[in-house]
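J.: Numbering (the working numbering), first residue to last: 2 to 108. Quick reminder that beta carbons are idealized off the backbone N, C-alpha and C, glycines included. Note that the structure is a prediction, hence the values are computed from the model and not measured. Have a look at this one before I ask anything.
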């Protein structure tokens with residue numbers, strides 16, 4: 002299922018619900034439908050940034066690989082981090098915070 006985040010301050014963001022759910026859980030919001038008010042955006046930004054920092058500290062160091070010659074082998078071990086997945090929503094929250102706008106989904 003797709004979640005579409007909307008705000009007057011930024012372009013719409015489409016995200017798979019499996020990727021949006023950890024971010025919304027962190028903010029105490031429901032995946033089906035919700036709103037982050039202009040007043041909540043500052044706290045939402047802080048929570049997501051704190052989670053990104055915490056995950057960076059606890060992330061294991063990448064294993065050394067001796068034989069990475071082909072592009073196919075390089076692609077097998079790539080993982081998308083929480084920070085990379087959260088970046089579009091974080092930017093939308095920052096824009097909404099600046100413009101005192103809401104962020105909504107499921108509407």
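Kindly indicate which residue of 9, 35, 48, 31 has the alpha-carbon position closest to the one of residue 88.
T.: Of the listed residues, the one whose Cα sits closest to residue 88 is 48.
J.: What is the rounded straight-line gap between the Cα of residue 66 and the Cα of residue 58?
T.: Residue placement at residue 66 is poorly supported in this model, since its pLDDT is 49, which falls under 50; the coordinates are not used for a value here.
J.: Let me confirm a value: residue 40 is counted as buried when at least 16 other C-beta atoms fall within 10 Å, else exposed. Which label applies?
T.: Burial call: exposed.
J.: Throw me the rounded Cβ distance for the residue 93 and residue 108 pair, which I believe falls under 8 Å.
T.: Actually they are not in contact, since the Cβ atoms of residue 93 and residue 108 sit about 15 Å apart, beyond 8 Å.
J.: Suppose contacts are defined by Cβ-Cβ distances below 7 Å. Is residue 37 in contact with residue 84 by that definition?
T.: No, the pair does not count as a contact, with Cβ atoms beyond the cut-off.
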